[in-house]
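Accompanying notes for the structure given below.
There are 2 protein chains.
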Amino acid sequence: MPPSQPKRKPEPPSNVRPLTKRVANGRVRPIAIRNLQGQVVQELGRLIVNGELEPGEGLPREELLAERMNVSRTALREGMKVLAAKGLIESRQKTGARVRDTIHWNHLDADVLAWRCASMPTEDFVEKLVEMREIIEPAAAAAAARRRSDEQLAQIEAAYHAMAAAKTLDQWAEADLAFHEGVLHATNNELMISLFSVVETALGTYFVLSAQTASDFRYSLPYHKKVLDALHRRQPEVAREAMNKMVADSRSNILRHAKKA
Amino acid sequence: MPPSQPKRKPEPPSNVRPLTKRVANGRVRPIAIRNLQGQVVQELGRLIVNGELEPGEGLPREELLAERMNVSRTALREGMKVLAAKGLIESRQKTGARVRDTIHWNHLDADVLAWRCASMPTEDFVEKLVEMREIIEPAAAAAAARRRSDEQLAQIEAAYHAMAAAKTLDQWAEADLAFHEGVLHATNNELMISLFSVVETALGTYFVLSAQTASDFRYSLPYHKKVLDALHRRQPEVAREAMNKMVADSRSNILRHAKKA
DNA sequence: CGTGTTCTATTTGTCATACATAACTACATT
DNA sequence: AATGTAGTTATGTATGACAAATAGAACACG
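Same order as they appear, the protein sequences are chains A and B.
In my numbering, each residue's number is its place in the first sequence (first place is 1) plus 6.
In my numbering, each residue's number is its place in the second sequence (first place is 1) plus 6.
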């Protein structure tokens, strides 16, 4: 377990509060840590997902762990409940808490995904993300073409225009994300919408990896146009194919970059 | 808020503990409630997901709510943290806890899915589940055909044989579930595997809905055989198509039954 | 010697209470 | 009117005590 530098007690009066407001490079993930308990979740979560605490490994007793992290047992336990809800740990009386096998993790959870990408994701994880996109997004585009409302289409169109008008990579990334979120929403299937965390992470990783070379970040605009048109005309198969090409192209790009790193 | 009948204090000495061990009809979901806190999660979770507590609605203050549910504030809070992790609620100081808009729910969470199906799911939700299966499973079958290990194939084959040998609907259901779980595992993509909760819920719903008439529950065995063969021969497109037909057939069946109810 | 049983130590689970902190309200001050 | 300031209220955190479960030791017994 990490010693984890002192935080609470040695805090003299009330200087700059450790509001750990991470802005994140291209990705969304403002999640400012307001709670102590949230801090516990983040710290332990990262440790576990990054493999610094291996599955099967038992955590120290709550009392000790709380002391080391400089929080009360209350705050620690509340944090551990959250981690348990994400499938990362499991705790029983007498035995203590253990890191669960990766099979049981909620890999689709936004936090878990974010933790995995906190330190440069492995090439093989990038590959898995891409595979998910290839499955999710064309299907979503097809469903959206069938069931989208006019308002939903308008939102997607707005995102498209924001992409077209983007001057910086950040602006582009934000609009791009909004486009893909819009498509998922337009499926009107909330199960599908919940997969946004995956798409978000995949896109975010893409931006991080390709940021180095891509001054021509706008190259995928025509792909988006084709999807938009298909959605407008309510042509499911056309939308599926257009999205398919977009993602396939994205795949070849990102894997090229991932290999370099 | 529900008055929720007294549970803790009026318990005389230590009679039969309320170990609420639900066996569930065809579905898996043993989740015996061992913790008081788990009870809180289940009770509130069901209330929220079933819409008895509408989004935006504020929950009573922790002190009151804890009293009404006959648990301490500690236990209540730990339960609420879990619900917050599932995206169902959100709580801030002074304001109190509120039910979040459905957009933010983790619809893919196993518990959330189970709660939605606790009381007979609506036809439109069944439709959404089926759509997810149609997207996930063929893609998974294709990926599995490419990357499955021999051991994984053996596991799927074992499930197939268990299906063939099944005498009761329960045995069949269990083996069927194992088959589909095996396919997801054989993709060797943990993001894919996490989607098992969806497949599980969809299949479970199918069994519940079709249990009434289906004395011929074995009719889908040939479909499974075709998938198995394709996996054996490592033929992605064949596997995809076979799985596709299986799910499509399942769709027509289940929606026929759903309409009846 | 092996096997089943009881006991005990340890750890999580729960409770109760007190106080800290944030956010909203209303009032006061300039 | 704008701004600051104090009070109110619910969540957030800390602490200490006890209940309950259970792994593992100690033990009795075949």
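Think of the CB as a built atom: it goes at the ideal place given N, C-alpha and C, for glycine as much as any other residue.
* Asked: Can the beta-carbon of residue 138 (chain B) be found closer than 8 Å to that of residue 204 (chain B)?
  -> yes
* Environment of residue 169 (chain B) [buried if 16+ CB atoms lie within 10 Å] -> Buried is the call here.
* Asked: Per DSSP, which one or two residues make a beta bridge with residue 103 (chain B)?
  -> B:97
* Asked: Hey, residue 149 (chain B) and residue 195 (chain B): beta-carbon distance below 8 Å or not?
  -> Contact: yes.
* Residues from the region 98 to 112 of chain A in contact with chain B, defined by Cβ distance under 8 Å -> 108, 109, 111, 112
* Spell out a yes or no on whether the region 78 to 98 of chain B and the region 49 to 58 of chain B are touching, meaning 3 or more CB-CB pairs, one atom from each, closer than 8 Å. => yes
* With a cut-off of 8 Å, does the C-beta of residue 91 (chain B) fall near any C-beta of chain A? -> Under the 8 Å criterion on CB atoms, residue 91 (chain B) is classed as interfacial with respect to chain A.
* To do: Would you kindly work out how many angstroms separate the C-alpha atoms of residue 39 (chain A) and residue 244 (chain A), rounded to a whole number?
  => 43 Å
* **Buried or exposed (CB count within 10 angstroms, at least 16 for buried), residue 256 (chain B)** => buried
* Asked: Taking C-beta to C-beta, are residue 152 (chain B) and residue 240 (chain B) nearer than 8 Å?
  -> The beta carbons of residue 152 (chain B) and residue 240 (chain B) sit closer together than 8 Å.
* Which residues in chain B sit within 7 Å of residue 82 (chain A), going by Cβ to Cβ distance? -> Those within 7 Å of residue 82 (chain A) in chain B number zero; the least Cβ separation is about 11 Å.
* Asked: For residue 269 (chain B), which of helix, strand or coil comes out of DSSP?
  -> In this structure chain B extends from 7 to 267, so residue 269 (chain B) is not present and cannot be described.
* **Three-way DSSP call (helix, strand, coil) for residue 44 (chain A) in this model** => Looking at residue 44 (chain A) - three-state DSSP - the assignment turns out to be helix.
* **Whole-Å CB distance - residue 147 (chain B) paired with residue 249 (chain B), under 8 Å assumed** => 4 Å
* From what residue to what residue does the alpha helix (DSSP H) around residue 203 (chain B) run? -> 202 to 216
* CB contact check: residue 252 (chain B) to chain A, cutoff 8 Å -> no
* Compare the C-beta of residue 78 (chain A) against all C-beta atoms of chain B and say whether one is closer than 8 Å. => no
* Segment contact flag, the region 156 to 168 of chain A with the region 111 to 119 of chain A, C-beta cutoff 8 Å, min 3 pairs -> no
* Asked: In chain B, which residues lie with their C-beta within 8 Å of the C-beta of residue 199 (chain A)?
  -> 109, 113
* Asked: the ligand ZN heavy atoms versus the CB of residue 162 (chain B): any closer than 7 Å?
  -> Questions concerning the ligand ZN fall outside what the structure shown contains, since it holds no ligand whatsoever.
* Asked: Excluding sequence positions up to five away, which residues of its chain have a Cβ less than 6 Å from the Cβ of residue 142 (chain B)?
  -> 201, listed in sequence order.
* Exposed or buried, residue 126 (chain A), counting other C-beta atoms within 10 Å across all chains shown (16 or more means buried)? -> exposed
* To do: Leaving aside the five residues before and after residue 122 (chain A) along the sequence, list all residues of the same chain whose C-beta is less than 7 Å from its C-beta, in chain order.
  => 55, 131
* To do: Determine the extent of the alpha helix (DSSP H) in which residue 233 (chain A) is found, giving its start and end residues.
  => Going by DSSP, residue 233 (chain A) is part of the alpha helix (DSSP H) stretching over 227 to 238.
* Assign residue 63 (chain B) to one of two classes, buried (16 or more other C-beta atoms within 10 Å of its C-beta) or exposed (fewer than that). => exposed
* Out of A:90, A:100, A:247, which has the shortest C-alpha to C-alpha gap to residue 107 (chain A)? -> A:90
* Asked: Straight-line CA distance for residue 215 (chain A) to residue 46 (chain B)?
  -> Whole-angstrom Cα-Cα distance: 43 Å.
* Could you name the residues of the same chain whose beta carbon sits closer than 7 Å to that of residue 227 (chain A), not counting the 5 residues immediately before and after it, in chain order? => 169, 170
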